[in-house]
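Residue numbers (the numbering used here): 113 to 239. Ideal Cβ positions, reconstructed from N, Cα and C, are used throughout, including at glycine. Since we're looking at a predicted model, the values are computed, not measured. Step one of this worksheet: look at the structure below.
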Amino acid sequence: MENLIFEYFKWHYLEKSKYYFLIWKNLLSFLWSYFSILHLLKTLFTPWHAYREEYGSLLDFKKNIEAFIINNFARFLGFVVRSVVIIVGLTSELAVLISGIIFFIIWFALPFIMTFILIFSLRQLFL
């Protein structure tokens, strides 16, 4: 019986805790790659879909102003879309990080909680 209890604690706290951390790390890594946060930060101010209007000759004011407005709008649109994706990605990372910590605390305390519930139930049953 002692060996069975020891094996359970070894399984619960060593083997499955390592496996849990591996899954947690993989999920965080997947989210970081899925949202491409580093790439989006590097290209934050580049035009949306690399859309760029060519400027006209030096004396073509209308074409130059038009190109200037379109290029700046494309940069602004790229900035907004990338910022939203970065915020969603970082929020997802934070949610997985916090929920992973909470789940690990529950996982760590689960044998003690179950033992307490069993003892409390037996005391209530026989008192």
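Phe121 sits in a helix when the DSSP states are folded into three classes. Short of 6 Å from the beta carbon of Glu165, and not among the five residues preceding or following it, lie these beta carbons of its own chain, in chain order: Ala179, Ile182 and Asn183. With contacts defined as CB atoms closer than 8 Å, Phe157 and Phe118 fail to qualify as a contacting pair.
Around the beta-carbon of Arg235, fewer than 16 other beta-carbon atoms lie within 10 Å, marking it exposed. Contact annotation: Phe147 and Gly201 have beta-carbon atoms nearer than 8 Å. Closest by C-alpha distance to Pro159, out of Ile229, Glu114 and Ala186, is Ala186.
By the criterion of a C-beta distance shorter than 7 Å, Phe216 is surrounded in its chain by Tyr132, once the five residues flanking it on both sides are discounted. The three-state secondary structure of Pro223, taken from DSSP, is helix. Counting along the chain, the unbroken alpha helix (DSSP H) around Phe133 starts and ends at Lys128 to Tyr146.
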